[in-house]
């Protein structure tokens, strides 16, 4: 087209440098924006730290082995976090505990005319409320489920580390995850194929909603910590699974003991060789 049209050739020769300069400016702006993002995302080291921290493990049924490896790289400190949770359970609030709290509140506010008696009642209330976090919740097993996640920090580690420590707790207490824990207990053996398909669809819906709600709640908790309202967050940084008593934990301990014994045997054999 340009070969047979001299006016268009002239126009092209005139416009090409302008287009070229415009493209170069756009790339220059993009490069500058990238550098600016790097500066806002945190300072960088002169050389990367390449030492790696690696952890491995198994699920309680021994069918799935997992591994995670992290490296600090160019950042001045590690900004990422992860979750390798080989078993899961939901936590439903105990109604009896709520009723006890109401009774304690009523006893605290009674007989307000006598100061000594009021102080004694407040002391009794504090003692009766001083229960471990696990006693306020009913743990509902979610067998054959595990959770693995990586949280990528950008210019800081707080959000990633908080998510790594608290996401399982937040997820386990969402309404839809509690519903999912009850949902998977249903016996599907007597269901028709269409009913089984519907059951799976409902289960996935519960999981999807529980994950969505957990991310929103986790974001709210991080906001509260950042703006000095952390006292309103219950059980923050509580270790998930620490007080969990279920056969899955016993199975997992047996697998890890066997794995450690096997590793020690291989290490001893290598030293003898």
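In our numbering, the protein residues as written are 20 to 292. From the three backbone atoms N, C-alpha and C, an ideal C-beta is built for every residue, glycine too. Treat the numbers as computed from the prediction; the structure is a model and nothing was measured.
Item                                                                                                                                                                     : Value
Which residues does DSSP pair with residue 84 in a beta bridge?                                                                                                          : 77
Does the beta-carbon of residue 225 have 16 or more other beta-carbons within 10 angstroms, so that it is buried, or is it exposed?                                      : buried
Name the residue from 105, 239, 238 whose alpha carbon lies nearest to the alpha carbon of residue 261.                                                                  : 105
According to DSSP, is residue 177 part of a helix, a strand, or is it coil?                                                                                              : helix
Rounded to whole angstroms, what's the CA-CA distance from residue 214 to residue 97? Just pull it up for me.                                                            : 48 Å
May I have the straight-line CA-CA distance separating residue 163 from residue 217, to the nearest angstrom?                                                            : 20 Å
By DSSP's criteria, residue 71 is part of a beta bridge. Which residues make up the other side?                                                                          : 90
Pull up the distance between the alpha-carbon of residue 122 and that of residue 62, whole angstroms please.                                                             : The predicted position of residue 122 is uncertain, since its pLDDT is 46 and thus under 50; no value can be drawn from it.
Could you please give me the residues that DSSP links to residue 167 through a beta bridge?                                                                              : 103
Buried or exposed for residue 239, going by 16 or more other Cβ atoms inside 10 Å?                                                                                       : exposed
In angstroms with no decimal places, state the Cα-to-Cα distance between residue 305 and residue 222.                                                                    : Residue 305 lies beyond the residue range present for the chain, which begins at 20 and ends at 292; the question has no answer from this structure.
When the Cβ atoms of the stretch 69-76 are set against those of the stretch 85-95, are three or more pairs found closer than 8 Å?                                        : yes
So, at 7 Å on beta carbons, what are the nonlocal neighbours of residue 210 in its own chain, with the 5 sequence-adjacent residues on each side left out?               : 218
Would you kindly work out how many angstroms separate the C-alpha atoms of residue 177 and residue 245, rounded to a whole number?                                       : 9 Å
Whole angstroms is fine: what's the gap from residue 212's alpha carbon to residue 220's?                                                                                : 12 Å
Spatial neighbours of residue 79 within its chain, please: CB distance less than 6 Å, with the 5 preceding and 5 following residues excluded, ordered by chain position. : 106, 267, 270, 271
Between the alpha carbons of residue 169 and residue 102, how many angstroms are there, rounded?                                                                         : 6 Å
Does DSSP put residue 193 in a helix, a strand or coil?                                                                                                                  : coil
Among 172, 207, 83, 195, which residue has its Cα nearest to the Cα of residue 232?                                                                                      : 195
Apply the 10 Å Cβ neighbour rule to residue 191 and answer buried if 16 or more other Cβ atoms are within range, or exposed otherwise.                                   : buried
Considering only C-alpha positions, which residue in the set 159, 234, 66, 99 is nearest to residue 112?                                                                 : 159
Do residue 252 and residue 203 have their CB atoms nearer than 8 Å?                                                                                                      : no
Name the one or two DSSP bridge partners that residue 63 has.                                                                                                            : 94
Quick one, are the C-beta atoms of residue 265 and residue 108 less than 8 Å apart?                                                                                      : yes
Measuring straight from C-alpha to C-alpha, what distance separates residue 276 and residue 76?                                                                          : 11 Å
Beta-carbon within less than 6 Å of residue 198's beta-carbon, same chain only, minus the 5 sequence neighbours each way: which residues are those?                      : 225
Mark residue 193 as exposed unless 16 or more other C-beta atoms lie within 10 angstroms of its C-beta, in which case mark it buried.                                    : buried
Please list the terminal residues of the continuous beta strand (DSSP E) segment that includes residue 257.                                                              : That residue, residue 257, is in no beta strand (DSSP E); it is neither H nor E in DSSP.
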